[in-house]
Amino acid sequence: MRAWCAQSPLPSAAADVAQRAPLRRGVKREAPTHSLDAGPEPADATVVKRERLDAGDDKWHVLCSAQELSCERTLASGQTFSWRRHPRTQHWSGVIGAHVFALRERDASVEFRCLHPSDADSAREELTHYFRLEADAALLYTAWMQTQDAMAQLIQHLPGHRLVRQDPVECLFAFICSSNNNIQRIQQMVDKLRATYGTLLLTVDLDDNDEEEGAGTSASSRAATQETRSYYAFPTAEMLAASCEEATLRALGFGYRAPFITKASRQLVALGGASFLHGIRDWKPSAHDDAAAEQDAYQEQLMVFAGVGRKVADCVALFALERLDAIPVDTHVLQIAQREFDAALAETKSLTPAVYRRVGDHFRARFAPLAGWAHSVLFTGDLAAFQSHLPADMQRQKTTKATAATGKKKKKAATKNSGALKAEANEQLPSDARNGTEENAQVTRAPRAPSRARS
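Residue numbers (this note's numbering): 7 to 461.
Structure, rendered in structure tokens:
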């Protein structure tokens with residue numbers, strides 16, 4: 007097995023977290039995580055039941071302390087597209103497998119309800135597994151912050167960010183949808199896959215008004231304006247392969263990703279379906295495999311699928327296949343590495359395989375053995391939506407650095423021909439989601455389907 011601790015500047019603390027938080031590779035989840043606002047119900051759907059999103063305190067159960075989990079920093083950070091926050095109550099809701107959950111944050115704790123099935127005895131275990139609550143995040147953060155650098159300062163202001171464990175099938179198709187995309191549009195596409203090809207689990211009433219009938223509005227008028235939300239199980243690979251067609255997906259707004267999804271679903275079924283991905287998850291390297299060989303092995307297995315390059319492969323590996331040293335790299339992550347690790351990366355114009363590995367190795371050297379988790383925290387801190395979570399001086403510092411880097415690149419680009427100028431300008435565009443493969447690192451480059459097996 008790979009000797010993680012030998013690479014880590016903080017071996018004892020980080021290794022202790024890894025040892026205390028077993029990966030539980032034997033647990034197999036066939037049905038993925040998904041959720042809501044997915045569009046019209048299929049004509050043959052049967053509503054299992056109607057439920058209210060809000061309920062009395064007796065319906066809620068403590069999941070963990072508020073310090074251990076921040077729903078916003080975890081669920082809105084671009085690693086999962088399965089959850090939504092209700093605008094009035096600020097509750098989160100989504101689907102894990104065939105369970106529909108609601109989460110709410112209190113001053114001292116995070117609480118949950120299992121909306122479907124309401125009597126699920128395994129609900130707490132399911133959530134604990136999904137959020138990796140067996141891992142002591144406080145201990146992990148302490149280990150990361152022992153090295154005094156800018157990243158340690160950022161991490162301390164983003165507590166509660168957890169790396170989720172997703173179903174491999176859903177994760178694969180969600181990140182195929184992520185190419186040159188943003189979080190909101192990826193969510194919409196994943197929701198359309200659920201609503202069009204998945205199984206309806208539950209419809210929820212979103213009107214959380216607890217007033218008695220006759221108190222200001224009539225029951226009939228409330229019924230006429232009642233807002234509902236439907237929750238669907240993500241389709242299996244077999245369901246997608248049997249039903250999805252490129253023309254239908256294009257009509258639903260998937261664009262050039264449509265053939266990727268249809269082809270990848272059929273490729274996956276031909277390889278054995280979800281069990282093929284579980285095999286990658288459960289694979290253990292031999293004693294003779296070094297770190298680079300291990301990374302190449304799982305990347306090559308995933309890059310056989312249409313629409314999957316190194317970036318998407320590493321997203322699936324990190325978020326669904328227990329490869330916690332996987333570092334998904336796009337131009338956004340390249341900028342983080344340039345700013346915090348390696349100023350020479352400023353001269354990089356594209357994410358070649360060598361540059362891709364170089365960026366990932368910086369993260370692995372600083373944050374092993376759970377470098378992928380640290381990468382996800384830093385990625386979240388760099389998103390515009392989370393700038394308000396940082397002190398004002400850190401926000402100004404980040405803006406100043408970004409502005410200076412942009413100014414230097416623009417000055418250099420002014421001496422180049424118009425084609426190079428256009429490529430340089432495109433590299434300045436911010437990224438707000440884990441989108442695209444390294445083949446799409448320069449956003450104007452025509453997307454291509456990396457349907458290839460590398461030998």
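Glycine included, C-beta positions come from ideal geometry on N, C-alpha and C. It should be emphasised that the depicted structure is a prediction, and the values quoted were computed from it without experimental measurement.
Looking only at C-alpha atoms, which of the options sits nearest to residue i?
i       : options                            : result
Asn-286 : Ala-298, Lys-269, Leu-308          : According to the sequence displayed, residue 286 carries Ile and not Asn. Out of Ala-298, Lys-269, Leu-308, Leu-308 has the C-alpha closest to the C-alpha of Ile-286.
Ile-102 : Ala-326, Tyr-362, Phe-260, Gly-378 : Ala-326
Gln-96  : His-105, Leu-81, Gln-85            : Leu-81
Gly-278 : Ala-349, Val-339, Glu-353, Val-175 : Val-175
Lys-269 : Ala-247, Lys-198, Asp-399, Thr-205 : Ala-247
Arg-263 : Ala-297, Cys-183, Val-322, Thr-134 : Cys-183
Ala-129 : Leu-109, Ile-192, Pro-241, Ala-144 : Leu-109
Gln-344 : Ser-236, Leu-330, Asp-367, Phe-392 : Asp-367
Thr-134 : Tyr-304, Glu-117, Phe-179, Gln-194 : Glu-117
Lys-65  : Leu-121, Glu-328, Arg-94           : Leu-121
Ala-201 : Tyr-238, Cys-177, Val-361          : Tyr-238
Leu-69  : Ser-83, Pro-375, Glu-111, Ala-312  : Glu-111
His-284 : Gln-172, Glu-131, Pro-241          : Gln-172
Ala-194 : His-381, Leu-169, Gln-305, Arg-90  : A small fix is needed here, since residue 194 is Gln in this sequence, not Ala. Comparing Cα positions, the closest option is Arg-90.
Ile-192 : Leu-376, His-105, Gly-261, Phe-282 : Gly-261
How would you write the range of the beta strand (DSSP E) that residue i sits in, first residue to last?
i      : result
Arg-90 : 89-91
Trp-98 : 98-102
How is the alpha helix (DSSP H) around residue i delimited, first residue to last?
i       : result
Leu-169 : Unbroken run through Leu-169: none, as it is neither H nor E.
Arg-345 : 337-346
Lys-198 : 189-203
Leu-308 : 297-308
Cys-77  : 77-81
Lys-317 : 316-326
Ser-382 : 377-388
Pro-265 : 263-277
Leu-396 : Per DSSP, Leu-396 belongs to no alpha helix (DSSP H) and is neither H nor E.
Phe-481 : What is shown of the chain runs 7 to 461, which leaves residue 481 out entirely.
Ala-350 : It is not in any alpha helix (DSSP H) - Ala-350 carries neither H nor E in the DSSP assignment.
Taking DSSP's pairing of strands, which residues face residue i in a bridge?
i       : result
Cys-120 : Phe-107
His-67  : Phe-118
Ala-239 : Thr-205
Which same chain residues, not among the five before or five after residue i, have their C-beta less than 7 Å away from its C-beta?
i       : result
Thr-234 : Thr-209, Val-210, Asp-211, Leu-212
Leu-340 : Leu-351, Thr-354, Leu-357, Val-365
Ala-156 : Glu-346
Which same chain residues end up closer than 8 Å to residue i when comparing Cβ atoms and leaving out the 5 residues on each side of it in sequence?
i       : result
Ala-243 : Val-175, Ser-271, Leu-274, Val-275, Gly-279, Ala-280
Ala-114 : Ser-71, Ala-72
His-163 : Gly-387, His-395, Leu-396, Pro-397, Met-400
Using the three-state DSSP reduction, which class does residue i fall into: helix, strand or coil?
i       : result
Val-210 : strand
Thr-234 : strand
Ala-248 : helix
Ala-332 : coil
Ala-374 : coil
Tyr-147 : helix
Arg-112 : coil
Asp-367 : helix
His-163 : coil
Going by beta carbon distance, what residues of the same chain come within less than 6 Å of residue i, once the five residues before and after it are set aside?
i       : result
Ser-249 : Tyr-203
Thr-443 : For Thr-443, the pLDDT reaches just 39, beneath the cut-off of 50, and the residue's location in the model is therefore unreliable, although a value from the coordinates is still provided. Excluding sequence neighbours, Thr-443 sits near Gly-315, Lys-317, Val-318.
Glu-252 : Ala-264, Pro-265, Thr-268
Leu-160 : Gly-387
Ala-298 : none
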